[in-house]
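Taking the numbering used here, the leading residue of the sequence shown gets 279, the next gets one more, and so forth.
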Amino acid sequence: MVVLVDHLGDPIGVQSKADVHGQSTPRHLAFSCHVVDERGRLLVTRRALTKKTWPGVWTNSFCGHPGPGESLEDAVRRRAGFELGLTVDDITCAIADFGYVARDATGIQENEHCPVFIARAVSDLTPNPAEVAQTQWTSASELRSAIDAAPWAFSPWLVEHFPQLAPHLAGHIVEAGDDD
């Protein structure tokens, strides 16, 4: 089940996740999370080719939908474990009011109120192949350059929220050439 929300992001109901995503998707609650490691690197992932929406595109570390009554922080921890086999801590909401509407190549629409988080990895990655095709540790400047060069290769939510996120990453990651 996903939480349906109004234009302010306030809950107004629930609906089956399988039924909510389609040609005309109601606004619902989601989240995106960017993971940094102890070396200050930023994790990006490539969505599995079997994903229903935006298969094979590069995106933030992971995304998800909190269940009814589940806190966003608990949903972040749950999805980190499910998608990446990863334990995270220091979960911080960097952009509380982010939202977007986008349609993928198959015609499925996303319509999400999608707060953006930063979290620190405290375990090794063991990606779930049904969710993640590939992982890459990078820097914010390298990611910005890649998004600028080929925005079509990245999820629309990452392309849209990354400029707003970049200043929040400054205290969490190192830039290329800064780590020893």
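Note that the Cβ used here is the ideal one computed from N, Cα and C, for glycine as well.
Check	Outcome
Spatial distance of GLN414 from LYS295 (CA atoms)	28 Å
Cβ contact (3+ pairs, closer than 8 Å) linking the stretch 319-328 and the stretch 287-306	no
Close beta carbons around PRO393, own chain, < 7 Å, minus the five adjacent residues each side	PHE309, LEU350, CYS371, ILE373, ALA374, PHE376
Beta-carbon proximity of SER401 to TRP332, cut-off 8 Å	no
Helix, strand or coil at ASP458 [DSSP, three-state]	Confidence in ASP458 is poor, its pLDDT being 42 and thus under 50, which makes the residue's placement unreliable; the coordinate value appears in the next sentence. Coil at ASP458, not helix or strand.
Close beta carbons around ARG357, own chain, < 6 Å, minus the five adjacent residues each side	PHE340, GLY342
DSSP-derived helix/strand/coil call for ALA374	coil
Where GLU438 sits in the DSSP three-state scheme	helix
For HIS312, the residue or residues it bridges with in DSSP	ILE396
Secondary structure of ALA431, DSSP reduced to three states	helix
Backbone secondary structure at ILE290 - three-state DSSP	strand
In chain order, each beta strand (DSSP E) run of at least 3 residues that lies wholly inside the stretch 322-355	340-342
Classification of ASN406 by the beta-carbon crowding that lies within 10 angstroms, buried from 16 upward	exposed
Element boundaries [beta strand (DSSP E), containing ALA411]	410-416
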